[in-house]
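Worksheet: one structure, shown below.
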Amino acid sequence: MEIERRWLARGWPEREPDEVWHMEQGYVTTRPAVRVRSERRAGGEERFMLCLKRGSGLSRMEVEFPVEEAQFRAVAAFIDKPFIQKEQRRYSLPEGYTLEWNQVDAGTPEGYFYAEVEFPTEEAALAWDPGEWQPWLLREVTQEGQESMAAYWARTRG
208 MEIERRWLAR
218 GWPEREPDEV
228 WHMEQGYVTT
238 RPAVRVRSER
248 RAGGEERFML
258 CLKRGSGLSR
268 MEVEFPVEEA
278 QFRAVAAFID
288 KPFIQKEQRR
298 YSLPEGYTLE
308 WNQVDAGTPE
318 GYFYAEVEFP
328 TEEAALAWDP
338 GEWQPWLLRE
348 VTQEGQESMA
358 AYWARTRG
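When we follow this note's numbering, the leftmost residue of the sequence shown carries the number 208, and every step to the right adds one.
Have a look at this one:
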């Protein structure tokens, strides 16, 4: 289960991140979402993931596990569309959570920023206040299914 809140954001926050990741991801299908992604931490190794998601809103069913690079490349060839490019900057929060700030498809007309935080429970998610991060957030889109990455893929990659 994934419990997560999400916001559209206005650019990068004026903070130094704890980590920077570069990702590319593509979807086999968007309902349910079946995606492959490569993730590389700045200065680190690349890892490859397969993820399945169902549902929308605050809580969604999610299953994610690592795959070998060859498996990732085989699925990428099967998809045969340009992958979504993401830069993700991670910020540690005092509550022990991580704020993930993302820039999607930089330099394209469709590109945008969003931020998200995962939580251990729905109660924790609903109680969390963005506080000092609020100036960089445009609006919360947690309950708006059309703002998911799968929906973005469907809009921009068909």
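Backbone N, C-alpha and C define an ideal beta-carbon position, used for all residues, glycine too. Since this is a predicted model, take the numbers as computed values, not measurements.
Contact fails between the stretch 208-222 and the stretch 235-254, because fewer than three Cβ pairs, one in each stretch, are under 8 Å apart. As the crow flies, the alpha-carbon of residue 275 is around 16 Å from that of residue 230. With a cutoff of 9 Å on beta-carbon distance, residue 322 and residue 306 are scored as near each other. Contact annotation: residue 268 and residue 209 have beta-carbon atoms nearer than 9 Å.
Separation of the CB atoms of residue 291 and residue 311 is rounded to 6 Å, and the pair is thereby assigned contact status at 8 Å.
Sorting 273, 325 and 279 by C-alpha distance to the C-alpha of residue 349 places 325 at the top.
Distances from the CA of residue 266 to each of 254, 333, 318 and 246 were compared; the closest alpha carbon is that of 333.
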